[in-house]
DNA sequence: TATTGTTATACTCTATAACTATA
DNA sequence: TATAGTTATAGAGTATAACAATA
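Chains as they are written, first to last, in UniProt numbering: chain A, 1 to 136; chain B, 1 to 136.
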């Protein structure tokens with residue numbers, strides 16, 4: 001039972017990773033850069049961003065540098081703690097993120113065309129359940 | 001509606017990626033090496049492995065080299081086409097893959113334990129739909 | 001003293017182009 | 001001619017250790 005769920009998640013992960021890799025190439029980004037743009041919703045600090053990405057904080061410096069150099073995001077000083085930088089999307093970054101999300105949705109829809117209305121309606125609940133489980 | 005489905009898949013992907021990255025570190029592997037070990041079921045050629053991973057074939061040479069050097073997999077000549085090498089897990093590789101899968105199942109159970117039976121069932125159906133769509 | 005972000009280092013992953021050996 | 005795998009190269013992601021600024 002647990003193995004079934006795990007292998008389902010593993011399969012979804014692998015397929016989504018391939019999808020994201022292809023989309024990243026279309027937009028001349030790397031997979032990680034695509035992840036950062038899409039996961040960047042609440043002005044995280046660089047350390048928090050490292051946690052979101054599941055990598056070491058030392059990597060985040062360079063990744064943010066490169067995206068900042070392309071004008072897609074920016075560092076902003078934290079108001080309370082002067083050690084902290086917070087990462088925000090620029091207008092160009094937000095626009096690109098929307099194009100990426102739309103493209104990803106197209107690719108997913110292509111693969112899930114046979115889902116029923118009920119199944120699609122269920123997706124809202126699934127997404128909510130997974131993200132609330134992740135934030136605990 | 002399509003966006004809901006896509007964001008559910010995106011969330012599952014991101015959570016699974018973080019999980020895999022952590023597990024890879026536990027086993028002193030990279031995320032990609034972990035993916036290769038887990039995705040290596042049907043003696044793929046190196047080119048097929050590139051497709052499975054969603055990357056260029058030129059990367060596969062080095063990744064297979066490193067895993068072969070660690071005794072986790074091996075190249076075997078194709079019987080019909082002498083240009084082709086097929087990749088197989090060694091005994092040590094199969095053993096490690098089982099330990100990774102078990103560990104991943106533990107993490108998924110921990111992480112997604114709050115999902116209802118209905119939600120878990122839907123995850124499995126999504127995975128089945130995605131992998132059959134992917135193999136077309 | 002502890003934490004945040006940075007730098008330096010070494011290794012891995014990534015795509016492009018050019019090559020070889022087979023087909 | 002075309003294809004499978006390799007090599008060379010350059011850029012990007014990765015973790016470890018050491019550091020400056022701030023808490």
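Glycine residues also receive a C-beta, built at the ideal position from the N, C-alpha and C atoms.
All values derive from a computational prediction rather than experimental measurement.
Checklist entry - Can you tell me where the alpha helix (DSSP H) with residue 66/A in it begins and where it stops? => result In the first chain, residue 66/A corresponds to position 66, counting from 1. Where residue 66/A is concerned, the enclosing alpha helix (DSSP H) stretches over 57-69.
Checklist entry - At a Cβ cut of 7 Å, what residues of the region 111-129 of chain B count as close to chain A, listed as they run along the chain? => result Under the 7 Å Cβ criterion, the region 111-129 of chain B contributes 111, 112, 114, 115, 119, 120, 122, 123, 124, 126, 127 and 129.
Next on the checklist: Given this structure, state the Cα-to-Cα distance separating residue 4/A from residue 108/A, to the nearest angstrom.
Outcome noted: Taking the first residue of the first chain as position 1, residue 4/A is located at position 4. Taking the first residue of the first chain as position 1, residue 108/A is located at position 108. Their Cα atoms are separated by approximately 22 Å.
Item to check | Contacting residues, own chain, Cβ-Cβ under 8 Å from residue 136/A (five flanking each side not counted) | outcome: Counting from 1 along the first chain, the entry for residue 136/A is found at position 136. Only weak support is given to the placement of residue 136/A: the predicted model assigns it a pLDDT of 49, under 50, and the value that follows is read from those uncertain coordinates. Setting aside the 5 residues that flank it on each side, residue 136/A has no residue in the same chain whose C-beta is closer than 8 Å to its C-beta.
Checklist entry - Straight-line CA distance for residue 58/A to residue 47/A? => result By 1-based counting over the first chain, the position of residue 58/A is 58. By 1-based counting over the first chain, the position of residue 47/A is 47. Whole-angstrom Cα-Cα distance: 9 Å.
Checklist entry - In chain B, what lies closer than 7 Å to residue 104/A by C-beta? => result Here residue 104/A is taken as the residue at index 104 of the first chain, counted from 1. Near residue 104/A (Cβ distances below 7 Å), the residues of chain B are 6 and 10.
Item to check | Residue interval of the beta strand (DSSP E) (run including residue 85/A) | outcome: Your numbering for residue 85/A matches position 85 in the first chain. Start and end: 85-89.
Checklist entry - How would you call residue 85/A, buried or exposed, if buried means at least 16 neighbouring beta carbons within 10 angstroms? => result One-based indexing of the first chain puts residue 85/A at position 85. Answer is buried; the Cβ neighbour count reaches 16.
Checklist entry - For the region 24-33 of chain B against the region 30-46 of chain A, are there 3 or more C-beta pairs whose distance is under 8 Å? => result Between the region 24-33 of chain B and the region 30-46 of chain A there are fewer than three C-beta pairs closer than 8 Å, too few to call the two in contact.
Next on the checklist: Suppose the cutoff is 7 Å on Cβ atoms and the five residues either side in sequence are ignored; what does the same chain contact list for residue 67/A look like?
Outcome noted: Position 67 of the first chain, counted from the start, is the residue given in the question as residue 67/A. Cβ neighbours of residue 67/A within its own chain (closer than 7 Å, five residues either side excluded): 33, 36 and 73.
Next on the checklist: Using CA atoms only, rank isn't needed, just tell me which of 78/A, 11/A, 71/A and 19/A is closest to residue 96/A.
Outcome noted: Locating residue 96/A in the first chain gives position 96, counting from the first residue. Here the closest residue by C-alpha is 71/A.
Checklist entry - Between the C-alpha atoms of residue 63/B and residue 93/B, what's the straight-line distance to the nearest angstrom? => result For the purposes of this step, residue 63/B is identified with residue 63 of the second chain, where counting begins at 1. For the purposes of this step, residue 93/B is identified with residue 93 of the second chain, where counting begins at 1. Straight across, the Cα-Cα distance linking residue 63/B with residue 93/B is about 14 Å.
Checklist entry - Skipping 5 residues on each side, what residues in its chain have a beta carbon closer than 6 Å to that of residue 111/A? => result Position 111 of the first chain, counted from the first residue, corresponds to residue 111/A. None.
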